[in-house]
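Residue numbers (this note's numbering): 9 to 321.
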């Protein structure tokens with residue numbers, strides 16, 4: 009098992025190196041001189057050159073990337089070229105919002121997806137099963153930002169029950185924390201919940217047609233006991249992969265949802281950094297996002313190894 013974990017960790021290292029490099033190259037290809045923008049509209053050529061040297065923009069792009077990567081690996085993410093603050097401090101002030109949103113979304117998607125899949129399986133072929141199948145098919149077609157806008161329109165105008173903007177840290181007020189996260193998390197969780205429902209419903213259906221389930225029925229076990237005690241673990245193997253993939257997408261979806269709900273998270277910080285060409289902040293966001301995706305994939309792979317020991321060989 010240890011060798012399997014080490015192999016998966018080593019497999020994620022190239023991704024952490026290559027993705028920021030691609031962003032670095034794309035930013036370098038964008039028209040315009042960042043030094044001229046940061047120096048101001050009426051800056052002299054001498055002042056622009058001073059800014060360029062101060063930011064290291066006079067070096068070739070690959071030299072700048074490897075200097076940044078070396079510093080980042082030593083814990084130094086640099087200083088924001090716009091806010092003149094440590095990038096680590098900026099990330100640290102925003103990370104709680106995004107982590108809270110992703111965590112609540114993941115829990116909500118898992119609870120809804122697994123619950124609906126089990127209910128549909130227990131009522132397979134009936135009205136409830138068909139209704140769940142239709143609802144999940146519709147949910148897959150709805151983009152999270154559109155759901156987010158609809159929820160804002162409903163809960164800001166028609167039924168003002170839940171807040172549609174802002175964020176309250178858990179340490180300050182746990183109730184307000186969950187109240188402010190409810191609508192954004194619903195908007196982000198519908199798609200992964202629908203995917204989990206469809207895949208788990210299909211996987212459970214296949215498991216219930218196997219010989220060991222037929223033997224369990226012959227012994228007099230009830231259908232819920234067969235599902236929860238025998239079939240669910242085997243049926244969860246393909247769903248774990250889908251869940252990990254969708255949660256990685258949720259991280260990207262926080263960019264639009266944090267803007268819609270005016271949440272001070274990393275997604276909003278990333279958009280601001282793109283608009284202002286604040287390269288150090290943008291690269292730190294990309295590095296953080298890539299590391300999170302690598303960790304999620306590692307957890308998925310380890311979970312897959314737990315459910316199916318053959319993959320650890």
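Cβ atoms here follow ideal geometry from the backbone N, Cα and C, with glycine treated the same way.
Predicted, not measured: the structure shown is a model, and the values here were computed from it.
Whole-angstrom C-beta distance between residue j and residue i, which should lie under 8 Å
i	j	result
residue 196	residue 113	4 Å
residue 109	residue 179	Rounded, the Cβ-Cβ distance is 16 Å, inconsistent with contact.
residue 62	residue 56	No, residue 62 and residue 56 are not in contact; Cβ-Cβ is about 11 Å, not under 8 Å.
residue 225	residue 235	Rounded, the Cβ-Cβ distance is 12 Å, inconsistent with contact.
residue 232	residue 130	7 Å
residue 132	residue 20	Not a contact, Cβ separation roughly 39 Å.
Status (buried if at least 16 other CB within 10 Å, exposed otherwise) for residue i
i	result
residue 159	buried
residue 165	exposed
residue 218	exposed
residue 220	exposed
residue 215	buried
residue 211	buried
residue 64	exposed
residue 297	buried
residue 309	buried
residue 33	exposed
residue 18	exposed
residue 261	buried
residue 240	buried
residue 252	buried
residue 273	buried
residue 76	buried
residue 52	exposed
residue 144	buried
residue 167	exposed
residue 146	exposed
residue 83	exposed
Cβ pair residue i, residue j closer than 8 Å
i	j	result
residue 265	residue 177	no
residue 141	residue 125	no
residue 207	residue 263	no
residue 155	residue 171	no
residue 204	residue 258	no
residue 102	residue 277	yes
residue 279	residue 28	no
residue 302	residue 24	yes
residue 69	residue 36	yes
residue 157	residue 163	no
Residue i: CB within 7 Å of a non-hydrogen atom of the ligand ZN
i	result
residue 193	In terms of ligand content, the structure shown is empty, and the ligand ZN therefore cannot be addressed.
Nonlocal neighbours in the same chain, by C-beta distance under 6 Å from residue i, ignoring five residues either side
i	result
residue 85	95, 96, 292
residue 306	16
residue 242	215
residue 284	90
Cβ neighbours of residue i in the same chain (closer than 7 Å, five flanking residues each side left out)
i	result
residue 270	173, 174
residue 88	95, 98, 286, 288, 289
residue 282	290
residue 190	170
residue 209	125, 128, 129
residue 256	301, 304
residue 73	29, 32
residue 122	204, 208
Close beta carbons around residue i, own chain, < 8 Å, minus the five adjacent residues each side
i	result
residue 148	199, 202, 203, 206
residue 150	198, 199
residue 267	275, 276, 279
Cβ of residue i within 8 Å of any chain B Cβ
i	result
residue 183	Judged by its chain identifiers, the structure shown contains no chain B, having just a single protein chain.
Kindly provide the ranges of any alpha helix (DSSP H) runs that are 4 or more residues long and lie completely inside the segment 213-276, ordered along the chain.
For the segment 213-276, whole alpha helix (DSSP H) runs of length 4 or above, ordered along the chain, are 219-226, 231-234, 240-268.
Taking only runs of the alpha helix (DSSP H) that begin and end inside the segment 9-97, which ones reach a length of at least 4 residues, in chain order?
Taking only runs of at least 4 residues, the alpha helix (DSSP H) segments lying wholly in the segment 9-97 are 10-37, 42-47, 53-62, 69-81.
In chain order, what are the residue ranges of uninterrupted alpha helix (DSSP H) at least 4 long that sit wholly in the segment 133-176?
Complete alpha helix (DSSP H) runs here, min 4: 135-149, 152-161.
Fully enclosed by the segment 91-131, which alpha helix (DSSP H) runs are 4 residues long or longer?
Whole alpha helix (DSSP H) segments, 4+ residues: 95-130.
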